[in-house]
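Asker:
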Ligand SMILES: [Cu+2]
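Numbering (the numbering used here), first residue to last: 977 to 1088.
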C-alpha cells in the first residue's frame, strides 16, 4: 500500500499469479482499514493522468497481472493505517472465490 495522508486515498499495488488452467477475474477488494476499496486503472489521456473504475481485472491462466503505478491499482478511501503496518485485504473473484492477503504500508517516498 502506498499511504500519503489520512485524507487522501491510499493505493494498493500487488502482483497476482494464476497457476491454474482457467483465467480468473478479480471483481473487488475490501479491507477493514479502508472506508472503501475500489479497482481502478490509471490512464494517460493526452498527457493528463486519469483514473477510471474498472469492473474486473483479468488474470490469465498460467499468467499474472500486476497492479502497479500507472496501471491497475486498488484504491483505498479513508485509509486508517500508518507506515510499517500490514493491512489485511480480501480480494474477491468472479464465481465467488476470495483470497486473503496482507499488504505492507509504505510512505510516499519509501519503496518496497
Ligand atoms: Cu484510483
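For each residue, glycine too, the CB sits at the ideal point set by N, CA and C.
Quick caveat: nothing in here was measured; it's all calculated off a predicted structure.
1) For residue 1074, list the residues DSSP reports as bridge partners.
2) Which residue wins for smallest C-alpha separation from residue 980, given the options 1059, 997, 1039?
3) Could you compute how far the alpha carbon of residue 977 sits from the alpha carbon of residue 1038?
4) Tell me which residues share the same chain as residue 1011 and place their Cβ nearer than 7 Å to its Cβ, disregarding the 5 neighbours each side in the sequence.
5) Measure how close the beta-carbons of residue 997 and residue 1063 come, nearest whole angstrom, since I'm counting them as under 8 Å.
Answerer: According to the data block:
1) Within the chain shown, the letter at position 98 stands for residue 1074. Answer is 1068, bridged to residue 1074.
2) Counted from its first residue, the chain shown places residue 980 at position 4. Out of 1059, 997, 1039, 1059 has the C-alpha closest to the C-alpha of residue 980.
3) The residue you call residue 977 lines up with position 1 of the chain shown. The residue you call residue 1038 lines up with position 62 of the chain shown. Their Cα atoms are separated by approximately 25 Å.
4) Here residue 1011 corresponds to residue number 35 of the chain shown, with the count starting at 1. So the list reads 1053, 1054, once near-sequence residues are dropped.
5) Numbered from its first residue, the chain shown carries residue 997 at position 21. Numbered from its first residue, the chain shown carries residue 1063 at position 87. The Cβ separation is near 31 Å, so there is no contact.
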